[in-house]
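These notes concern the structure reproduced below.
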Amino acid sequence: MAGVRHLLLMQSVCYSFYDLLERTQEHAFHILQDESVPLDSLLTATARFSLQSSARNQFFGRVAQQRIIDARCVVDVNVQGLPTPLQVSITTKSSARLKLITEKEVMLMFKAPWVKISEQPLANQPNQFPVNIKSLNEEEAILQFAESDIEFCATVQQLNQWQIGQQVWIHIDQEQIILATLG
704 MAGVRHLLLM QSVCYSFYDL LERTQEHAFH ILQDESVPLD SLLTATARFS LQSSARNQFF
764 GRVAQQRIID ARCVVDVNVQ GLPTPLQVSI TTKSSARLKL ITEKEVMLMF KAPWVKISEQ
824 PLANQPNQFP VNIKSLNEEE AILQFAESDI EFCATVQQLN QWQIGQQVWI HIDQEQIILA
884 TLG
């Protein structure tokens, strides 16, 4: 009787394994069909076809440098299309757990409410960029970086304060950016 149970368990494991292989093959096929996905980036391909997140702002980049400031690890991440690296503040344990090294590919995520809009740049603040308001509704603004096609999504508090086409500044706090990477 134990042999039959073992055989049934092994059969179930094999079916699960083949199901996983089939789904992986299907994802790979979709990745190959999408010409916008760089084939040299496993993180980008995986995130675009597998990862679901409520964060409206998702970017891919590479670690430029890390430094310790006030017992926190500040990670500079180069994002193609942005003039300066995005600075992300994480714990030193998180840096070690993510195995961050220079040039490692990472994904940055932050929610729309964490993108702050202002008419002028803030004094001595990292992670701020001049953008144009591309679209606007009662809940959110889509903001486009003038130098590239990069877009940010921000929650709007006072709709009548902003206009489509207006140039504004955005700011994202270092501690409100989530870093993700493959192991």
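Numbering (our numbering), first residue to last: 704 to 886. Glycine residues also receive a C-beta, built at the ideal position from the N, C-alpha and C atoms.
C-beta atoms of residue i and residue j nearer than 8 Å
| i | j | result |
| --- | --- | --- |
| V674 | F855 | As displayed, the chain neither begins before 704 nor continues past 886, which places residue 674 out of reach and without an answer. |
| Q769 | C776 | yes |
| I880 | L803 | no |
| V666 | T884 | Residue 666 lies beyond the range of the chain shown here (704 to 886); nothing can be said about it. |
| V782 | F762 | yes |
| I820 | I873 | yes |
| V766 | T805 | yes |
Burial state of residue i, where buried means 16 or more other Cβ atoms lie within 10 Å
| i | result |
| --- | --- |
| G784 | exposed |
| G889 | It is not possible to answer for residue 889, since the shown part of the chain is limited to 704 through 886. |
| R800 | exposed |
| G868 | exposed |
| I836 | buried |
| Q866 | exposed |
| L742 | Per-residue confidence for L742 stands at a pLDDT of 49, beneath the threshold of 50, marking its modelled position as unreliable; no derived number is given. |
| L846 | buried |
| L825 | exposed |
| N827 | exposed |
Residue from the options with nearest C-alpha to residue i
| i | options | result |
| --- | --- | --- |
| Q831 | Q877, L882, A883 | Q877 |
| I771 | S798, F763, S757, S821 | S798 |
| D773 | S792, Q860, E806 | S792 |
| P786 | E850, H874, Q860 | E850 |
| L839 | K796, E822, L811, V859 | V859 |
| S918 | P829, L811, Q864 | Residue coverage of the chain in this structure runs from 704 to 886, which leaves residue 918 outside it and unanswerable. |
Distance between beta carbons of residue j and residue i, contact taken as under 8 Å
| i | j | result |
| --- | --- | --- |
| L862 | E843 | Their Cβ separation, rounded to whole angstroms, is 10 Å, which puts L862 and E843 out of contact at 8 Å. |
TODO: Determine contact between the region 849 to 869 and the region 803 to 816, defined as no fewer than three beta-carbon pairs at a distance below 8 Å.
DONE: yes
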